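The sequence shown lines up with residues 94 to 234 when you count with my numbering. Glycine residues also receive a C-beta, built at the ideal position from the N, C-alpha and C atoms. None of these values were measured; they are calculated from a predicted model.
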Amino acid sequence: MKFIVFVKASAASEAGQMPSEKLFADMGRFNEELVKAGIMLAGEGLHPSSKGARIRFNGDQRTVIDGPFTETKELVAGFWMIEVGSKEEAIEWFKRCPNPHEGVESEIEIRQVFGPDDFGAEFTPELREQEDRLREQMAAR
94 MKFIVFVKAS AASEAGQMPS EKLFADMGRF NEELVKAGIM LAGEGLHPSS
144 KGARIRFNGD QRTVIDGPFT ETKELVAGFW MIEVGSKEEA IEWFKRCPNP
194 HEGVESEIEI RQVFGPDDFG AEFTPELREQ EDRLREQMAA R
C-alpha cells in the first residue's frame with residue numbers, strides 16, 4: 094500500500110525559515126531508516142506558499158490565484174511517499190519521525206494513495222493499460 098505523508102506548514106516554514114542543522118541531521122537519519130527498510134519512494138520539502146499558485150476550476154473557467162495562502166495549518170511544507178503493508182505500519186514509522194518544526198506543535202498527515210483496484214469498473218482495462226504505459230514512460234526517465 095502506498096501512502097503520502099504530509100508535513101503541515103508552520104508560521105516559520107511559511108516565512109521561509111530553514112530548519113536547523115540538528116533538524117536536518119535528525120531528518121536525514123530518519124530518512125535513512127526509511128530507505129534501509131525499503132519503504133521510502135520519495136520525500137521533499139516545499140517552498141512557502143508565497144512562491145506558489147492555485148488554479149480554481151469552475152466549469153470551463155480557470156482562475157489562477159497567486160500565493161501566499163492564509164490558512165497556514167492547512168498548507169503542506171513537505172512530504173514523503175512510502176510503501177508499507179498497512180496504515181498502522183505507516184503510523185508506527187511516523188510516530189518515530191523527528192518533530193518537523195522545532196519547538197512548536199507540528200502535525201503530519203498520512204493518506205493512502207489510490208491503486209488501480211480502488212477505482213472500480215469505471216477504470217476499464219483500456220484505461221488501466223494507458224495508466225501502465227504512462228507509468229512505464231515515467232520510470233524510464
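Asked: Bridge partners - A118, DSSP secondary structure assignment; Found: In the DSSP output, where bridge partners are listed per residue, A118 has none listed.
Asked: Buried versus exposed call for A232 [16 or more other C-beta atoms within 10 Å across all chains shown]; Found: exposed
Asked: Length of the line joining the Cα atoms of S103 and R221; Found: 39 Å
Asked: Backbone secondary structure at A105 - three-state DSSP; Found: helix
Asked: DSSP-derived helix/strand/coil call for Q205; Found: strand
Asked: Spatial distance of E215 from R226 (CA atoms); Found: 18 Å
Asked: Distance between G213 and F207 (C-alpha atoms, nearest Å); Found: 11 Å
Asked: Through-space distance from W173 to R149, alpha-carbon basis; Found: 26 Å
Asked: Short Cβ contact (8 Å threshold) for P141 with S113; Found: no
Asked: Option in E176, K180, P209, G171 with minimal Cα separation from S83; Found: As shown, the chain starts at 94 and ends at 234. That puts residue 83 outside it, with no answer to give.
Asked: Residue burial classification, K115 (beta-carbon count within 10 angstroms, cutoff 16); Found: exposed
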